[in-house]
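Reading through the structure tokens given below for one structure.
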Amino acid sequence: MAVRVRMAPSPTGLLHIGNVRTALFNWLYARHEGGEFRLRIENTDTSREVAEAVDQIQESLRWLGLDWDGPHTFQLDRMDDCRRVADELLAAGRAYEDEGAIRFRMPNEGSTGWDDVVRGRVEIPNETIEDLVLVRSDGRPTYNFASPLEDVWDGITHVIRGEDHISNTPKQINIIEAVGAEIPVYAHVPNVSGADGKKLSKRHGAVTVDEFRKDGYLPEALMNFLALLGWAPDGETTIMRQEELIERFTLGRVSPSPAQFDYQKLDWMNGVYLRELPPDEFAHRLVIWLGENGYDWDAELVTRAAPLVQEKIARLAEFPGFAGFFFGEVEPDPVDLEGGGPMLESAHTAVASVEPFDASSIEWVLRQTADGLGLKPRQAFQPVRVAVTGSKVSPGLFESIELLGREETLTRLQAAASVAAG
RNA sequence: GCCCCCAUCGACUAGCGGUCCAGGUCGCGGCCCUUUCAAGGCCGUAGCACGGGUUCGAAUCCCGUUGGGGGCACCA
7 MAVRVRMAPS PTGLLHIGNV RTALFNWLYA RHEGGEFRLR IENTDTSREV AEAVDQIQES
67 LRWLGLDWDG PHTFQLDRMD DCRRVADELL AAGRAYEDEG AIRFRMPNEG STGWDDVVRG
127 RVEIPNETIE DLVLVRSDGR PTYNFASPLE DVWDGITHVI RGEDHISNTP KQINIIEAVG
187 AEIPVYAHVP NVSGADGKKL SKRHGAVTVD EFRKDGYLPE ALMNFLALLG WAPDGETTIM
247 RQEELIERFT LGRVSPSPAQ FDYQKLDWMN GVYLRELPPD EFAHRLVIWL GENGYDWDAE
307 LVTRAAPLVQ EKIARLAEFP GFAGFFFGEV EPDPVDLEGG GPMLESAHTA VASVEPFDAS
367 SIEWVLRQTA DGLGLKPRQA FQPVRVAVTG SKVSPGLFES IELLGREETL TRLQAAASVA
427 AG
């Protein structure tokens with residue numbers, strides 16, 4: 007039978023990275039097996055907020071590259087079918103009415119178990135499972151009733167979800183057995199927590215896909231990182247692109263123990279992906295990111311500045327801090343200019359006449375200048391760097407000057423020289 | 001309280017009875033390179049939670065303890 011899995015988010019707010027990780031495992035499994043990955047919205051109403059959340063969920067999935075098969079479905083559309091099944095269960099004596107609600111009779115003896123693909127055999131004593139409410143007194147089916155039914159109706163073969171659903175599983179298995187359908191294969195993947203072992207939340211850092219996007223992470227890096235949270239192909243390989251992940255992913259190698267989200271490692275990995283991008287592609291991503299985040303900087307200039315920072319940043323969001331001096335005024339801290347007066351003045355003279363105006367000529371002439379003043383390169387170039395870029399940390403100085411242009415460089419050098427002179 | 005899950009360096013993990021005085025990656029420390037910051041190169045740091053078994057032999061299997069986590073709704 008062809009594999010069919012699903013992601014079933016409830017449309018409340020933005021897509022949480024933990025849910026994305028679970029979705030990723032579903033998606034990787036489906037693609038690896040040549041099966042289908044479905045998207046099912048577990049909504050209980052049809053408000054405007056729901057519609058917006060659905061849009062955001064889809065946008066986030068698309069950004070990450072997780073495509074789903076067929077149209078997405080809504081749980082709400084199946085409420086009548088759920089109620090019909092509840093009535094049948096009632097008629098068959100498998101359920102009973104209780105204060106206007108309909109409850110399912112769970113077995114009281116023995117146990118309900120399943121062979122979990124990531125945990126092995128799990129067995130829950132039936133006496134600890136209470137009679138599940140199928141339909142509320144207001145007529146709405148409950149999650150633990152609707153969800154397994156939908157899995158049956160959708161032909162879901164493998165239910166891959168977070169471990170917080172382990173305790174729901176025996177309830178759902180009993181429901182599915184009661185309607186005489188086949189029990190899907192279950193795989194409960196470990197949770198993702200913050201550095202303190204607690205549920206990953208805002209105070210740990212970014213948690214929604216939108217936030218990671220805004221922070222300047224690449225979707226391919228995020229996917230690679232997420233895949234490695236609870237899964238590893240061999241313990242050696244860490245950088246894997248989409249095709250390789252699909253090719254190597256198996257549920258059997260998903261670890262049963264929870265993982266902590268390590269933002270430092272994500273940053274490192276994102277840097278790896280950033281550096282490996284062809285320069286024009288890197289520039290392209292920057293232009294898009296800047297546009298999405300309210301910078302109306304000239305795309306041509308961004309493209310020319312991009313190569314100067316590609317090796318230096320780990321996230322696209324670091325670009326403005328690193329290369330902002332190309333796009334606007336600069337205000338050097340006088341403290342960083344102290345004692346740099348002579349070098350700044352000499353540099354001004356040198357830059358004014360250097361020909362051709364390119365990085366290597368500028369470097370040569372500035373080194374000559376430093377030499378003439380008896381200064382070591384690092385002492386000589388620091389005030390120049392601060393004058394030109396406004397910071398002690400910047401892209402390569404000579405390339406930066408070349409791109410900035412002679413006129414603007416001279417202006418900044420002169421301004422800094424007068425500050426340094428006091 | 002009850003039920004369930006989990007347990008290898010600070011983190012992510014490899015390891016599925018001998019090839020492990022435990023390997024890779026991030027982080028961290030040092031050195032090199034160097035116009036700053038990065039990147040890169042080299043070296044290093046650090047771990048099988050504890051106690052019992054089983055076995056010729058255990059990080060690997062079993063039991064217990066401890067410690068984490070999840071769940072016990074007419075939420076999803």
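Residues 7 to 428, numbered by the working numbering, are exactly what the first sequence covers, in order.
Note that beta-carbon positions come from the ideal geometry of N, C-alpha and C, so glycine has one too.
Only a predicted model underlies this, so the values are computations on that prediction, with no experimental measurement involved.
| Item | Value |
| --- | --- |
| Once DSSP output is grouped into helix, strand and coil, what is the label at Trp274? | helix |
| How do the segment 397–404 and the segment 417–428 stand: do at least 3 beta-carbon pairs fall below 8 Å, yes or no? | no |
| So what's Trp69 in DSSP terms, helix, strand or just coil? | helix |
| I need the straight-line Cα distance from Arg27 to Lys208, nearest angstrom please. | 17 Å |
| Can you list, in chain order, the residues of its chain with a C-beta nearer than 7 Å to that of Gln455? Leave out the 5 residues immediately preceding and following it. | Limits of the chain in this structure are 7 at one end and 428 at the other, which puts residue 455 out of reach. |
| Residues in the same chain with beta-carbon distance under 7 Å from Asn150, minus the five sequence neighbours each way, listed in chain order, please. | Leu138, Asn174, Lys177, Gln178 |
| Looking at C-alpha atoms only, which residue of Thr309, Arg46, Leu322 is the closest neighbour of Trp274? | Leu322 |
| Whose C-alpha, out of Val60, Glu42, Ile294, Leu95, is nearest the C-alpha of Thr50? | Val60 |
| Who are His194's beta bridge partners in DSSP? | Arg167 |
| Taking the straight line between their C-alpha atoms, what separation do you get for Trp74 and Arg10? | 11 Å |
| Taking Val124 as the reference, give the member of Pro154, Asp144, Glu58, Trp237 with the closest Cα. | Trp237 |
| Just to confirm before moving on: does the CB-CB distance between Leu343 and Ala422 stay below 8 Å? | yes |
| Look at the alpha carbon of Leu34 and the alpha carbon of Phe333, and state the distance between them as a whole number of angstroms. | 42 Å |
| In this structure, what does DSSP give as the bridge partners for Pro401? | Partner(s): none; Pro401 has no beta bridge. |
| With DSSP run on the structure shown, which of helix, strand or coil describes Phe80? | strand |
| Could you spell out the range, first to last residue, of the alpha helix (DSSP H) harbouring Leu343? | 340–343 |
| Please work out which residues of its chain come closer than 6 Å, Cβ to Cβ, to Gly277, disregarding the five sequence neighbours upstream and downstream, and give them in chain order. | Ala320 |
| In terms of residues, what are the limits of the beta strand (DSSP E) holding Lys317? | The question names Lys, yet the displayed sequence has Glu at residue 317. Per DSSP, Glu317 belongs to no beta strand (DSSP E) and is neither H nor E. |
| Counting only the same chain and skipping the five closest in sequence on each side, list residues whose C-beta sits under 7 Å from that of Arg418. | Val336, Ala393, Val394 |
| Note down, in chain order, each residue of its chain lying with its Cβ closer than 8 Å to the Cβ of Met112, except the 5 sequence neighbours on either side. | Asn132, Ile135, Glu136, Asp137, Leu138, Lys177, Asn180 |
| Taking Asp160 and Arg44 to be in contact with their CB atoms under 8 Å, please state how far apart those CB atoms are, rounded to whole angstroms. | 6 Å |
| Quick one: give me the first and last residue of the alpha helix (DSSP H) that Val26 is part of. | 23–39 |
| Do Arg89 and Val128 have their C-beta atoms within less than 8 Å of each other? | no |
| Could you tell me the distance, in whole angstroms, from the CA atom of Lys205 to the CA atom of Gly168? | 13 Å |
| May I ask you to report which of helix, strand or coil DSSP gives Glu105? | coil |
| For Leu307, count neighbouring Cβ atoms within 10 angstroms of its own Cβ and tell me buried if that reaches 16, exposed if not. | exposed |
| Between the C-alpha atoms of Ala265 and Gly241, what's the straight-line distance to the nearest angstrom? | 15 Å |
| Do Ser153 and Pro196 count as a contact pair if the criterion is CB distance below 8 Å? | no |
| Can you give me the Cβ contacts of Ala201 inside the same chain, cut-off strictly under 7 Å, excluding the 5 residues immediately before and after it? | His210, Gln266 |
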